[in-house]
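Written below as structure tokens is the structure these notes are about.
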């Protein structure tokens with residue numbers, strides 16, 4: 108009887124686990140892709156590897172109005188070019204659920220004078236702002252907006268990490 112109860116509890120607790128990567132949002136490094144123009148990633152060509160740049164556990168919340176993620180100051184400093192002059196500047200990424208790519212972009216810096224015609228992730232202290240092109244809209248350039256994809260919102264809502 109004790110063994111049966113123990114097995115039942117183990118199954119219930121395992122089934123309720125949030126550690127399943129297929130149900131988490133993460134920033135992955137792109138390992139292969141083609142571009143159309145300076146930075147426009149051909150999303151059909153994009154492939155992600157196993158390198159997770161920002162795991163779900165480091166995303167404290169997502170603000171669907173501001174299109175920003177809360178991250179720690181230390182992670183922000185690691186990403187930005189401000190202090191160590193390298194960071195993740197111009198590093199291509201994919202926001203994915205499991206290994207399914209939702210959208211792609213580049214890490215950028217608010218200090219940069221270089222423009223980008225694709226989605227950018229800009230560290231601003233404890234926030235990571237996701238912006239369509241940098242420094243702002245570019246005439247004649249349309250960037251697909253998947254920042255508020257319903258699957259992303261559902262995951263953050265499920266875990267109490269969505270700010271609307």
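Numbering (the working numbering), first residue to last: 108 to 271. Yeah, the Cβ is synthetic: ideal placement off N, Cα and C, and Gly gets one too. Just so you know, these numbers come straight off a predicted model, no measurement behind them.
Proximity to residue 152 across 141, 242, 236 and 158 peaks at 141, based on C-alpha coordinates. By alpha-carbon distance to residue 160, the top candidate from 146, 170, 168 and 199 is 199. Remark: C-beta atoms of residue 135 and residue 263 do not approach each other more closely than 7 Å. Here DSSP, grouped into helix, strand and coil, assigns residue 165 to helix. Per DSSP, reduced to three states, the secondary structure at residue 218 is coil, with no helix or strand assignment. In the three-state reduction of the DSSP assignment, residue 147 falls in the coil class.
Taking the CA atoms as reference points, residue 265 sits about 19 Å from residue 253.
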